[in-house]
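To keep things clear, I will list the structure first and then write my remarks on it.
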Amino acid sequence: MWQQEHHEGGGPHEHRHRGGMRGRGPWGGFGPGPFGPPWAGGNFPFGPRGFGRGRKAKRGDVRAAILALLAEEPRNGYQIIQEIAERSQGGWKPSPGAVYPALQQLTDEGLVRAEETDGRKTFQLTEAGRAYVEEHGDEVRAPWEEMTPDIGDNVHELFDLSRQAASALVQIAHSGTEGQVRQARQVLTETRRRLYQILADGDPVEE
28 MWQQEHHEGG GPHEHRHRGG MRGRGPWGGF GPGPFGPPWA GGNFPFGPRG
78 FGRGRKAKRG DVRAAILALL AEEPRNGYQI IQEIAERSQG GWKPSPGAVY
128 PALQQLTDEG LVRAEETDGR KTFQLTEAGR AYVEEHGDEV RAPWEEMTPD
178 IGDNVHELFD LSRQAASALV QIAHSGTEGQ VRQARQVLTE TRRRLYQILA
228 DGDPVEE
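Just remember that the numbering used here sits 27 ahead of the position in the sequence shown, which is counted from 1.
So, in structure tokens, the structure goes:
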């Protein structure tokens, strides 16, 4: 039951078929990788590991995160996982094996109820759940804030630019002509070369 729900809503098993999004296609070595959607939920190739991580998830964090998110609006399980990953900037992405049992436990406690529409199960707080959230503010918090990777503002801006570039790349892959795809590959090749050159040159001298 939980496994099927995980794949709904454009989950990780959704595939694209145009512009070389499957196999090698016109993008050569690029497969479905980070381009569907571009680096969504913090899953972009830089990742947080090279920049330090916040604390690890502890017992009760998944429960607290679910209650905090459902207090905002109803969500399905996949949306909860993706929202946590996005808000923690990739520092924390709980597995379906952690989220769905927690949802079941909250349902058994009468704090959450599930509604199925068009084959998709959406979870929302019950009246008891909303009362619980209001009465347990210390428990129901935003644990993802403590798991955000410890990176500086410059790196945050770099990630933002990389997402924007990936979005443009996906548009070309989906609807670009063969000539535009070739141009994009040339730009990527040159960009990669220049980025490695930046590393080779070392820190610039500040005046």
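For every residue, glycine included, the Cβ atom is placed at its ideal position computed from N, Cα and C.
What you are looking at is a predicted structure, and each value in this text was computed from that prediction instead of being measured.
Handout entry: Where R212 falls: helix, strand or coil (DSSP)
Key = Residue state, collapsed to three classes: helix.
Handout entry: Buried versus exposed call for Y105 [16 or more other C-beta atoms within 10 Å across all chains shown]
Key = A residue is called buried once 16 or more other Cβ atoms fall within 10 Å of its Cβ, and Y105 is buried on that count.
Handout entry: Classification of D21 by the beta-carbon crowding that lies within 10 angstroms, buried from 16 upward
Key = Given that the chain is displayed from residue 28 to residue 234, the structure contains no residue 21 and the question cannot be resolved.
Practice task
To the nearest angstrom, report how far apart V167 and R190 are at their CA atoms.
Solution key: Taking the straight line joining both Cα atoms gives about 31 Å.
Practice task
Would you decide whether Y223 is buried or exposed? Buried here means 16 or more other CB atoms lie within 10 Å of its CB.
Solution key: Burial call: exposed.
Exercise for the section: Report all residues from its chain with a CB closer than 7 Å to the CB of I111; omit the five preceding and five following residues, and keep chain order. Expected result: Excluding residues up to 5 positions away in sequence, A92, W119, K120, P121 and W171 lie with their Cβ nearer than 7 Å to the Cβ of I111 in the same chain.
Practice task
Would you identify the three-state DSSP class for E161, choosing helix, strand or coil?
Solution key: It is helical.
Exercise for the section: Taking L94 and V197 to be in contact with their CB atoms under 8 Å, please state how far apart those CB atoms are, rounded to whole angstroms. Expected result: Rounded to whole angstroms, the Cβ separation of L94 and V197 is 34 Å, and the two are not in contact under 8 Å.
Practice task
In the DSSP assignment, find the beta strand (DSSP E) that holds V139 and state where it starts and stops.
Solution key: For V139, the enclosing beta strand (DSSP E) starts and ends at V139 to T144.
Handout entry: CA-to-CA distance, T216 to E205, given in whole angstroms
Key = The C-alpha of E205 lies about 17 Å from the C-alpha of T216.
Problem - Spatial distance of A227 from F186 (CA atoms) - result: Cα-Cα distance, rounded: 21 Å.
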